[in-house]
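This report concerns only the one structure given below.
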Amino acid sequence: MTRDERPPWGRVLQPDTAVDAATPYLSATPDHVRWGRLPARGDRPVLTVRPGDTVVVDTLSHEGLLEDQGRDPRRFFTRQGVADDAVLEDGIRLAAIGSHDPAVDGPHVVTGPIAVAGTRPGDLLLLRVDRLEPRVPYGVISSRHGRGALPDRLPRQAPTVSVFARTMVDDAGRPRGVIPRGGLDAIAVAALDEAEARAALDGRDAASSVSFPLHPFLGIMGVATATDEHLHSVPPGPHGGNLDIRLLGEGTTLMLPVQVDDALVYIGDPHFAQGDGEVALTALEASLRATITLDVIRADEARRRFGDVRTPIGVTDRLLLPVGLDRDLDRAVEHGVTAAVDLLHHRYAMDEVHAYAYLSAAADVNISQVVDLVKGVHIRLRLDDLDDSAARLLQPARPDGSRP
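Residue numbers (numbering that gives the first Met the number 0): 0 to 403.
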């Protein structure tokens, strides 16, 4: 299916529907996900693939499922005017039976782990995002835990506020998110009875709104760490996880240093849109169906191409994106610039002085997010400047043409 032949944004993708039998499919039903924790090295994979395989994976947004929103997605979303059959069944099931303690667990629903057979520590896992389809035509933006960029100021009304967003397609055929300029937030509306909620929605619909472009991506993409502990889903790390890099949408690849046998890949935290920084705490959170291809560059070839990779690296058609992570933003920038200098040295034969000078003259340091306990930045290196291409960077075959 070409991009122009895509179904409209108004479609709802319930579990096990509209799936091509020719491609492996992984639903986000409770037996295929973890809620608030990441997979660990001893976990049994829910799917096993070979390097180079493509798989379709449902992801489920946590918004509407959480305790501070009532842990009843059917009520939460129907009170916002969503039709009953447009509330995702996997979300309803998870909220009803899933184990989740908001005092100790993260919020995210993570699908996986997927074993990539034969992958070993030291290899580079290539996670290519081939396609992202909206599963619903709505989403939620929330601020909670006092962890946005303005914790001493916002939110004022309650410990958690959630803004409901609907989607539309503009006259040029481009999807956009729409939120009202004011009024009751979604949690307050969900607490009303049906008649009161309808009246609140009538007032909200009559008010003016703000719209913005949509650019879906997966906030969480990662591999298991070499520990038996199921790590909290919020802080990102060398394993990837909650990186929240909005540039990593369709047609991009994330390179991740493998830490355990078979990699044990997972994805989650689906977004329809996000600004750099994600300042309120969440972006426009909404469920996606992802088509991804999982491949590998073996350890010896990875070292030859890139040196000693210790952090995730994103690749778009035009950019190379080394990542810097730390609880302190200044240190995150330092780590990101260090990763960029090392990459320029090992792949492009630049000495440190000239690599550093190039970064200062030509590269942008972007903030990925400032709200995930560990802050993140990504450095934008233009592939054209370096006479390189994404295809050359990501070629998984060995020089003799064999599969890795």
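Where a beta carbon is used, it is the ideal one built from N, C-alpha and C, also for glycine.
Collapsing the DSSP output to three states places SER232 in coil. Bounds of the alpha helix (DSSP H) holding VAL336 are 328-347. In this structure, the alpha-carbon of VAL370 lies about 13 Å from that of GLY105. In this structure GLY9 is in contact with PRO136, their Cβ atoms being roughly 5 Å apart against a cut-off of 8 Å.
Cβ-Cβ separation between ARG134 and LEU287: approximately 6 Å, consistent with a contact (criterion under 8 Å). DSSP lists VAL162 as the bridge partner or partners of ILE140.
In this structure, GLY306 sits near HIS344, with a CB-CB distance shorter than 9 Å. Within the DSSP secondary-structure output, GLN13 pairs in no beta bridge. Around the beta carbon of ASP201, a 10 Å sphere encloses fewer than 16 other beta carbons of the protein chains shown; the residue is thus reported as exposed. ILE244 carries a coil assignment under DSSP once its states are collapsed to helix, strand and coil.
In the three-state reduction of the DSSP assignment, SER359 falls in the helix class.
Counting only unbroken stretches of 3 or more residues, the beta strand (DSSP E) elements lying wholly within the stretch 166-216 are 174-179, 208-212, in sequence order. By the 16-neighbour rule on beta-carbons within 10 angstroms, THR16 is exposed. In the structure shown, HIS353 falls within a helical segment according to DSSP collapsed to helix, strand and coil. In the three-state reduction of the DSSP assignment, GLU300 falls in the helix class. By the CB criterion at 9 Å, SER232 and HIS107 fall inside the cutoff. ALA272 carries a strand assignment under DSSP once its states are collapsed to helix, strand and coil. Within the same chain, PRO14, ASP15, ASP57, ASP89 come within 7 Å of SER26 by CB-CB distance, once the 5 residues on both sides are set aside.
Remark: three or more beta-carbon pairs, one from each stretch, lie closer than 8 Å, so the stretch 256-267 and the stretch 109-126 are flagged as touching. Nearest Cα to THR110 within the set GLN394, THR290, SER161, ASP387: THR290. Exclusion of the five residues before and after LEU253 leaves LEU126, MET220, GLY239, LEU247, PRO311, GLY313 as the residues of its chain whose Cβ lies within less than 7 Å of its Cβ. Between LEU64 and VAL128, the gap from beta carbon to beta carbon reaches 9 Å or more. In the structure shown, GLU284 adopts extended strand secondary structure according to DSSP, grouped into three states.
At a Cβ-Cβ threshold of 9 Å, GLN68 and ALA185 count as neighbours. In the three-state reduction of the DSSP assignment, ALA157 falls in the coil class, being assigned neither a helical nor a strand state.
If you look at GLY313, you'll find it in the beta strand (DSSP E) that goes 312-314.
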